[in-house]
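First the structure, in the form of C-alpha cells, and then the observations on it.
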Amino acid sequence: MARVVTRPAHRRRGLGPSVLRALIGEAVERGAVAGVLRATDAGRALGWKKHSTLAECVHRP
C-alpha cells in the first residue's frame, strides 16, 4: 500500500492509527516479523523508530 493520507477534515480522530494497526495485525497474522513505514513526522508519532532516511530514486532506462 502506498500514499495513504487522511483528508484535513478527518484528521485528529484516530483513523490513521486504527488503519495502521489493522494493517500491522494482518501482516503479523500472515507471518511478517518486520515492517517498513515511510512516514511524515506525524506518521512517525505512531510508535515506529527511525532507522535511516529514505531517498527516493527513479531509474528510467
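Residues 1370 to 1430 (this note's numbering) are what the sequence shown spells out, left to right.
Using N, Cα and C, we set each Cβ at its ideal position, and we do this for glycine too.
| Query | Result |
| --- | --- |
| Burial state of G1400 (16 or more Cβ within 10 Å) | exposed |
| Contact the segment 1381 to 1388 vs the segment 1402 to 1410: 3+ CB pairs below 8 Å | no |
| As assigned by DSSP and simplified to three states, the class of E1398 | helix |
| Local conformation of R1429 per DSSP, three classes | coil |
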